[in-house]
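Okay, so the sequence shown: first residue is 1 according to full-length UniProt numbering, each after it adds one.
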Amino acid sequence: MNAAVKPGAAEAVVYGKPDERELRDRMKKELPADTFKTQTWRVIWFLPLQAVIWGGLAAILMAGLPWYANLGLALLVGHTIGCQALLAHEVLHGALGMSRRWQNFFGWLGFGPLMVPPEFWRKWHNVVHHGNTNTGDTDPDSFGTLRRYKTNPGQKKFHKLAPGSGTWYSYLFLTYSFTFHAQLVLWIQAKHRKQFKGFNRHLAIAQVFLCLALWVALAVVSGPLAVFTVLIPFMTANALGQGYILTNHFLRPQTPTNNPLDNSMSLRSNPVLDRLHFRFSHHIEHHFFPKMAHNMAPRVRKWLEENEPERYMAMPHGKALSMLYTTPRVYKSATELVDPNDETRVFDLLPLQREFSAANRV
């Protein structure tokens with residue numbers, strides 16, 4: 001067990017082991033050297049992705065297809081936009097090498113449709129999230145601790161949007177929340193938090209409006225077909241990304257050590273989808289080596305399963321999504337989730353570690 005508890009203070013629970021550097025060093029030493037080499041060739045995947053997106057939009061606008069065919073194309077376009085963002089995530093971490101200018105170019109292709117400028121993503125995700133993963137109220141991608149909601153009770157209304165709150169509209173959260181959360185971070189957190197010091201927030205806001213203008217222009221050109229060219233692709237791309245992002249951390253303890261084995265979770269996804277989604281299911285692996293190309297992540301997974309089977313946790317993707325909607329989102333303690341609108345709803349995270357560790361995999 002990783003947890004240590006100081007008697008009489010649930011909030012004083014400390015979870016995790018500070019051995020992340022030792023584990024990284026061992027993996028670098030024991031895994032093949034090419035595991036960690038940049039793989040620029042993978043940028044070629046943007047070509048078929050772009051072809052599917054533009055070809056799908058053109059077919060919707062020009063082919064005069066029945067609504068159900070347009071619906072299928074809209075879902076395909078949205079799925080492909082989401083896949084492109086997953087690949088751009090690798091690019092902006094430097095896993096595919098290239099100059100910063102070229103990284104930004106592909107970053108725009110991947111994140112522009114979701115209204116997230118590349119330099120903003122770098123600061124928000126690469127620096128602030130990776131540097132403070134599941135740490136108190138510091139991680140910008142966490143719903144934070146109960147203390148935050150007691151200090152500012154108005155935030156309890158926001159929690160009702162979240163998966164696990166039990167409201168009917170929380171079931172729509174995945175379909176818009178990546179873009180929505182990005183705007184909250186850009187407009188509010190980046191303005192007030194010291195971690196964003198030096199970031200050109202005003203430029204990023206102008207870039208967001210440019211992205212929005214392009215979506216609006218497409219909607220105007222599309223007319224009634226905007227349901228298929230704008231709304232459904234946008235919602236699908238958001239849902240694809242959030243189906244991974246929210247499950248990667250929201251069912252894990254908060255930790256002071258930033259050890260991926262303790263504060264992150266990988267997923268066991270359908271093998272075909274796993275490849276289409278550029279191995280984004282390998283999230284513990286990514287947090288250990290952010291600059292590693294994701295097609296090498298299975299090597300890291302195998303090493304962790306063999307060397308840290310009781311600590312390595314990878315939940316079936318469907319199960320993770322189900323649990324996301326049946327558990328609250330706010331931390332009462334490092335290892336307990338609570339609903340700030342109903343504090344009798346408390347969920348202990350530790351049994352999940354035992355149930356879904358590699359050691360217990362059948």
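Using N, Cα and C, we set each Cβ at its ideal position, and we do this for glycine too.
Beta-carbon spacing of residue i, residue j below 8 Å
i: HIS282; j: ARG268; result: no
i: ALA226; j: TYR15; result: no
i: HIS129; j: ASP137; result: no
i: PRO233; j: ALA74; result: yes
i: ARG252; j: SER266; result: no
i: ALA237; j: PRO117; result: no
i: TYR312; j: LEU324; result: no
i: ALA204; j: GLU90; result: no
i: THR35; j: ALA95; result: no
i: PRO309; j: ALA358; result: yes
i: ILE81; j: PHE178; result: no
Residue i, buried or exposed, once every other Cβ within 10 Å from all chains shown has been counted against 16
i: GLU336; result: buried
i: TRP67; result: exposed
i: ASN134; result: buried
i: TYR331; result: buried
i: LYS123; result: buried
i: ASP262; result: buried
i: GLN183; result: exposed
i: GLY192; result: It is His, not Gly, that sits at residue 192 in the sequence shown. Per the 10 Å Cβ criterion, exposed.
For residue i, the three-state DSSP class (helix, strand or coil)
i: LYS160; result: coil
i: SER99; result: coil
i: LYS150; result: helix
i: VAL77; result: helix
i: ARG345; result: strand
i: ASP141; result: coil
i: SER333; result: strand
i: SER281; result: coil
i: VAL185; result: helix
i: SER357; result: strand
When the options are compared against residue i, the one with the closest alpha-carbon
i: ARG275; options: ARG252, CYS83 and ASP19; result: CYS83
i: VAL338; options: LEU71, PHE143 and ILE44; result: PHE143
i: LEU71; options: ILE81, PHE111 and GLY56; result: GLY56
i: MET27; options: GLY318, MET315, PHE180 and PHE289; result: PHE289
i: VAL185; options: ARG201, PHE173 and LEU172; result: ARG201
Taking only runs of the beta strand (DSSP E) that begin and end inside the region 289-318, which ones reach a length of at least 3 residues, in chain order? 314-316
Go through the region 233-275 residue by residue and report every complete run of the beta strand (DSSP E) that reaches 3 residues or more, in order. 266-268
My parser needs the alpha helix (DSSP H) runs of 4 or more residues fully inside the region 42-78; what are they? Counting whole runs of 4 or more residues, the region 42-78 contains the alpha helix (DSSP H) stretches 46-62.
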